[in-house]
Amino acid sequence: MPLGQSLGAPAEPCVRIGDAVLVGQRIGDASGFVSVPVHAPISGKVAAVGRFPHPLGSERPAIVIEGDGADRRHESVRPPGDPDSLSPEDIRRAVRDAGVVGLGGAAFPTHVKLSPPESKPIDLAVLNGAECEPWLTADHRLMLERPAEIVKGLLLIMRALGCRKGIVGIEANKMDAVQAMRGAAPAGADIEVVPLEVKYPQGAEKQLIDALTGRRVPSGGLPMDVGVVVQNVGTAFAVYEACHLGMPLVRRVVTVAGTPLARPANYLARIGTLVSSLVEQSGGATGEVAKVISGGPMMGVAQATLDVPVVKGMSGVLLLAPDEIDWRAPDPCLRCGNCVETCPMKLVPTLLEKLVAAGKTDDAVAAGLQDCMECGSCGFVCPSRRPLVHSFKLGKYLSAERRKAAARAAERTAAAAAERGGRA
Amino acid sequence: MPERLVVSASPHLREGVSVEKVMYGVVIALVPALAGSIYFFGLRAVLIVLISCVTALATEAAIQRMRRVPVTVADGSALVAGLLLAFNLPPGVPLWMPLVGSLFSIAIGKQVFGGLGYNVLNPALAGRAFLTASWPVHMTTAWAAARAGTLSGAPLQGVDVLTQATPLGVWRTAGAILADPASSTHQLAQAREVLADLGSPDTAMHMFLGNTGGCIGETSALLLLIGAAYLMFKRYIGWRIPVSYIATVAALAWIFGGPDGLFTGNALFHVLAGGLMLGAFFMATDMVTSPVSPKGMLVFGVGCGLLTSVIRLVGGYPEGVCYSILIMNVATPLIDRTTRPRRFGEVGKRA
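As given, the protein sequences belong to chains A and B, one line each in that order. So the mapping is simple: this note's numbering equals the position in the first sequence, first residue as 1, plus 150. So the mapping is simple: this note's numbering equals the position in the second sequence, first residue as 1, plus 25.
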């Protein structure tokens, strides 16, 4: 069970080796506002606290629990009160205590998104059922099987935000989910279920808001700047579980797919389950596997090992065969303009790549680098197989490092000045 | 499960387009026009094309070896340059010209800048401009009559039929006679007759099919359009550059190209004449040397059309496609800079 599963600071472990833990028991404390606690997904004994392989790369702090198979619940798992009379503050606290983060992929702590500043009134809550990437069907499955719970979660989100209206956006190739969600929406509430054009990236936050409302989130801004908060349908389900049942986020739906797989499926998997055991559950690989991806084919992270755990933000596990991946080195940019035409953020990817390669990260940022959401559309259409997204990730990293270095330098200067002042 | 997995940055799937597919797509698209040129101009056309292509491939390989970079002649880009250069030569040029021109195209037009993707000018057009500047007589008078060439220009007294036997050349000479106050009534009448002949549906049909004088690969609008349709279907070229280019030429020819004042010009004639079809669909669309943004492509196309019209209507050469595209090639970085798309959610500031 990794301690860092969300954007923001990792949790601090609050159990020790040998401790007995129960399902839903807190095992890591939040360490800041943009941080959430983590909970034991199974009952058993803490076997190790240390660094283990993480799907986002390298080894990161985690707690290993040896299961006892009993699946006993911890006493703290109980409803926080009558769900219909919870105040916005109660909802935010329950959601945070339950360790809920955005389940669409970014894993941003949900209580932060439910706490917009007073200066940004929210008039619309959007549920994202557009499925972020091809191959992934986790959200689709959940909408078919748990529509009522998702709608209850949406109502709680709306109450927390103080907004009247809710929209569920679903791509039009999933009309069964549209029907299910429409059927689940209560008559009294202003909840609309809207089928959307099927295209990638329709599930991207800013594109989704544009498609549903025509509002355009300003460059560098957040959805709250246009009065909207977007949550994934899975997140709404987690909010329901937190507020109605008091059950922390210890499981999620994971799509396990790919041509080399015997039985692709969606699993309601405990967080912390090893990807290798999900693959085994799906009958293992029938053919050669060249790549294992956490997430989808466009934005997912390639894994070096199957011994990584399911984390809160993992929407899928995708296996690719050798003939499905590109082995060839990139060719020079032909300047064909395909990337420019396809970029949903209307950037010039080929220019950004050249600027980053030339070390001109500041120029790249000025040209919109930070607007890039790494959807991978540019890399998909590039005839020269340029490492476009790769270089944008690098550029953002370098830019952040430079900002940090500049801040440190400013601090040092200030400290030195203070010291001089003290001496004088 | 495998011991070793590939780890690379996203996206993990690609559309499957490649440099090779684009380049050989262009080669395939040029095949109809190539077949047409053999039909119209005979085996000499084959010879010129062969010399040009072989030289292009050999030059590319030799220079890449000298530069100690991977030899990538198989990617098809040198072949495209060789083919296009040959298509831009009059069928009567001496056989050493495709060799010299192709050598220049690849060596100076392309490899000096760093090879594929880095060249500023369209290599084939750079080669053609070099030949035109160095051996202008060969490049402007070596027209062979097409197989069943109907364009005679014969009624114009004192005009060497062969040296003027391209539609644009004839059109230009007739225009000059009309504009010359010293022309006799008889000459004026003849010139009018020629212009009327050029504007006739019959001539238009010959020009559409390619049965006129001109460079090896440029005469048949029909065969070029077949190839262009294939490239557009495959989405290897977009509509923006060719459509804006041709539309601009048509509009300006109609407005300013007539002998009897504004709005009397023959737009169809100018669209079908000279190298416009070949240039607009196969050379102005060269990805490397044209802008990357949709808006930039439109600016580029309109610019090409403007320059082509200026050269044709008031300039010193009968044809302006080659220089127009080259000039716009040079302007491409500037166009890219000023036509950056407005970012999603970008607020005000930039006009």
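Virtual Cβ for every residue (Gly too), placed ideally from N, Cα, C.
- Who are the neighbours of R368 (chain B) on chain A, taking C-beta pairs under 7 angstroms? For this step, residue 368 (chain B) is matched to residue 343 along the second sequence. Those within 7 angstroms of R368 (chain B) in chain A are S369, M495, K496, L497, G518, D521.
- Task: Use the C-beta contact count for D100 (chain B): other C-beta atoms within 10 angstroms, 16 or more gives buried, fewer gives exposed.
- Result: On the second sequence, residue 100 (chain B) is found 75 positions in, with the first residue counted as 1. Classification of D100 (chain B): buried, given that the 10 Å Cβ count is 16 or more.
- Message: Would E243 (chain B) and M302 (chain B) be called neighbours here (beta carbons separated by less than 8 angstroms)?
- Response: Taking the second sequence and counting its residues from 1, one reaches residue 243 (chain B) at position 218. Taking the second sequence and counting its residues from 1, one reaches residue 302 (chain B) at position 277. In this structure, M302 (chain B) lies closer than 8 angstroms to E243 (chain B) by Cβ.
- Task: For V96 (chain B), I'd like the list of residues in its chain whose CB is within less than 7 angstroms of its CB, leaving aside the five on either flank, ordered along the chain.
- Result: Locating residue 96 (chain B) in the second sequence gives position 71, counting from the first residue. The beta carbon of V96 (chain B) is closer than 7 angstroms to those of A86, Q89, R90 in its chain, skipping five residues each way along the sequence.
- Can you grab the Cα-Cα spacing for the pair V184 (chain B) / E218 (chain B), in whole Å? Start at 1 with the first residue of the second sequence, and residue 184 (chain B) comes out as number 159. Start at 1 with the first residue of the second sequence, and residue 218 (chain B) comes out as number 193. Confidence at V184 (chain B) is low in this model, with a pLDDT of 40, below 50, so the placement of that residue is unreliable and no value is reported for it.
- Evaluate Y350 (chain A) with the Cβ neighbour count: other Cβ atoms within 10 Å of its Cβ, from every protein chain shown; 16 or more gives buried, anything less gives exposed. For the purposes of this step, residue 350 (chain A) is taken as the residue at position 200 of the first sequence. Burial call: buried.
- Step through the CB atoms of chain B and report whether any lies within less than 8 angstroms of the CB of H224 (chain A). For the purposes of this step, residue 224 (chain A) is taken as the residue at position 74 of the first sequence. Output row for H224 (chain A): interface = no.
- Query: Taking the Cβ atom as the reference point for each residue, do L277 (chain A) and Q381 (chain A) lie within a distance shorter than 8 angstroms?
  - Reply: Position 127 of the first sequence, counting from 1, holds the residue named residue 277 (chain A). Position 231 of the first sequence, counting from 1, holds the residue named residue 381 (chain A). Yes, Cβ-Cβ distance for L277 (chain A) and Q381 (chain A) is below 8 angstroms.
- Under the three-state DSSP convention, the category G535 (chain A) falls into: Taking the first sequence and counting its residues from 1, one reaches residue 535 (chain A) at position 385. The question names Gly, but residue 535 (chain A) in the sequence shown is Arg. R535 (chain A): coil per DSSP, three-state reduction.
- Query: Nearest to G194 (chain B) by alpha carbon, out of B:L110, B:G286, B:H295?
  - Reply: One-based indexing of the second sequence puts residue 194 (chain B) at position 169. Of B:L110, B:G286, B:H295, the smallest CA-CA separation from G194 (chain B) is found for B:H295.
- Message: Please tell me whether K441 (chain A) and A452 (chain A) are closer than 8 angstroms, where the distance is taken between their beta carbons.
- Response: Along the first sequence, read from residue 1 onward, the residue named residue 441 (chain A) stands at position 291. Along the first sequence, read from residue 1 onward, the residue named residue 452 (chain A) stands at position 302. Yes, they are a contact pair.
- Item | Contact with chain A by A305 (chain B), beta-carbon distance below 8 angstroms | Your numbering for residue 305 (chain B) matches position 280 in the second sequence. At a cut-off of 8 angstroms between C-beta atoms, A305 (chain B) does not count as an interface residue with respect to chain A.
- Would you mind sorting A212 (chain A) into buried or exposed? The rule is 16 or more other CB atoms within 10 Å of its CB. One-based indexing of the first sequence puts residue 212 (chain A) at position 62. Burial call: buried.
- Message: Using only the alpha-carbon positions, how far apart do F258 (chain B) and L203 (chain B) sit?
- Response: Mapped onto the second sequence, residue 258 (chain B) falls at position 233. Mapped onto the second sequence, residue 203 (chain B) falls at position 178. Looking at the two C-alpha atoms, the distance is approximately 44 angstroms.
- Between P233 (chain A) and C393 (chain A), is the Cβ-Cβ spacing less than 8 angstroms? Sequence index remark: in the first sequence, residue 233 (chain A) carries index 83 (1-based). Sequence index remark: in the first sequence, residue 393 (chain A) carries index 243 (1-based). Between P233 (chain A) and C393 (chain A), the gap from beta carbon to beta carbon is short of 8 angstroms.
- Message: Helix, strand or coil, according to DSSP, for G338 (chain A) in the structure here?
- Response: In the first sequence, counting from the first residue as 1, residue 338 (chain A) sits at position 188. Assignment of G338 (chain A) by DSSP, reduced to helix, strand and coil, places it in the coil class.
- Task: Taking a Cβ distance cut-off of 9 angstroms, strictly less, list which residues of the region 124-146 of chain B are near chain A, in chain order.
- Result: Listed in sequence order: G139, G140, L141, G142, Y143.
- Cα-Cα separation, Q175 (chain A) to K320 (chain B): What you label residue 175 (chain A) is simply residue 25 of the first sequence in a count that begins at 1. What you label residue 320 (chain B) is simply residue 295 of the second sequence in a count that begins at 1. Straight-line Cα distance between these residues: approximately 58 angstroms.
- Query: Taking the alpha carbon of G326 (chain B) as the point to measure from, which residue in B:G340, B:P119, B:D311 has its own alpha carbon closest?
  - Reply: Start at 1 with the first residue of the second sequence, and residue 326 (chain B) comes out as number 301. Out of B:G340, B:P119, B:D311, B:D311 has the C-alpha closest to the C-alpha of G326 (chain B).
- Tell me whether T314 (chain B) is buried or exposed, calling it buried when 16 or more other Cβ atoms sit within 10 Å of its Cβ. Along the second sequence, one-based indexing puts residue 314 (chain B) at 289. Buried, because 16 or more other Cβ atoms sit within 10 Å of the Cβ of T314 (chain B).
- Query: Taking any Cβ of chain A, which residues in the region 29-40 of chain B have a Cβ under 7 angstroms from it, in chain order?
  - Reply: For the region 29-40 of chain B, the set of positions with a beta-carbon nearer than 7 angstroms to some beta-carbon of chain A reads L30, V31, V32, S33, A34, S35, P36, H37, L38, R39, E40 in chain order.
- Could you spell out the range, first to last residue, of the alpha helix (DSSP H) harbouring A132 (chain B)? Translated into positions along the second sequence, residue 132 (chain B) becomes position 107. Residues 121-132.
- Message: What does the Cβ neighbour count give for L120 (chain B), buried or exposed, with the cut at 16 atoms within 10 Å?
- Response: Numbered from 1 along the second sequence, position 95 holds the residue referred to as residue 120 (chain B). Classification for L120 (chain B): exposed.
- Query: If you run the structure through DSSP and keep just helix, strand and coil, what is P203 (chain A)?
  - Reply: Position 53 of the first sequence holds residue 203 (chain A). Correct three-state label for P203 (chain A): strand.
- Message: Please tell me whether S269 (chain B) has its Cβ less than 8 angstroms away from any Cβ of chain A.
- Response: Start at 1 with the first residue of the second sequence, and residue 269 (chain B) comes out as number 244. Interface criterion not met: the Cβ of S269 (chain B) is under 8 angstroms from no Cβ in chain A.
- Message: Quick check on this structure: which residue in A:R291, A:A339, A:V301, A:L346 has the alpha carbon closest to the alpha carbon of A280 (chain A)?
- Response: Locating residue 280 (chain A) in the first sequence gives position 130, where the first residue counts as 1. The closest CA to that of A280 (chain A), considering only A:R291, A:A339, A:V301, A:L346, is found on A:L346.
- Which chain B residues are close to F530 (chain A), counting only those with a beta carbon under 7 angstroms from its beta carbon? Position 380 of the first sequence, counted from the start, is the residue given in the question as residue 530 (chain A). Within 7 angstroms Cβ-Cβ: P36, L38, R39, E40.
- Spatial neighbours of A103 (chain B) in its chain, beta-carbon cut-off 7 angstroms, leaving aside the 5 residues before and after: Locating residue 103 (chain B) in the second sequence gives position 78, where the first residue counts as 1. Cβ within range, chain order: A81, L82, E85, I131.
- Measuring CB to CB, does A161 (chain A) end up less than 8 angstroms from S193 (chain A)? As a working note, residue 161 (chain A) is residue 11 in the first sequence. As a working note, residue 193 (chain A) is residue 43 in the first sequence. For A161 (chain A) and S193 (chain A), no; Cβs fall outside 8 angstroms.
- Which residues bound the alpha helix (DSSP H) around P267 (chain B)? Here residue 267 (chain B) refers to the residue found at position 242 of the second sequence. Run containing P267 (chain B): 265-281, per the alpha helix (DSSP H) assignment.
- Query: Who are the near neighbours of M308 (chain A) in its chain, counting only those whose CB is closer than 6 angstroms to its CB and skipping five residues on each side?
  - Reply: Indexing the first sequence from 1 puts residue 308 (chain A) at position 158. Here the set comprises A275, G316.
- Where do the ends of the alpha helix (DSSP H) carrying I580 (chain A) lie? Nothing about residue 580 (chain A) can be reported from this structure: the residues present for chain A run from 151 to 574 only.
- Query: Any beta-carbon of chain A closer than 8 angstroms to the one on R365 (chain B)?
  - Reply: Stepping through the second sequence from its first residue, residue 365 (chain B) is reached at position 340. Output row for R365 (chain B): interface = yes.
- Look at the Cβ atom of V348 (chain A), then the Cβ atom of A322 (chain A), and state whether they are nearer than 8 angstroms. Locating residue 348 (chain A) in the first sequence gives position 198, where the first residue counts as 1. Locating residue 322 (chain A) in the first sequence gives position 172, where the first residue counts as 1. A Cβ-Cβ contact shorter than 8 angstroms links V348 (chain A) with A322 (chain A).
- Message: Can you tell me where the beta strand (DSSP E) holding V406 (chain A) begins and where it ends?
- Response: The sequence position of residue 406 (chain A) within the first sequence is 256, counting from 1. In the DSSP assignment, V406 (chain A) falls within the beta strand (DSSP E) that extends over 401-407.
- Query: Could you give the distance in angstroms between the alpha-carbon of F288 (chain B) and the alpha-carbon of S541 (chain A)?
  - Reply: Along the second sequence, one-based indexing puts residue 288 (chain B) at 263. Along the first sequence, one-based indexing puts residue 541 (chain A) at 391. In a straight line, the C-alpha of F288 (chain B) is about 53 angstroms away from that of S541 (chain A).
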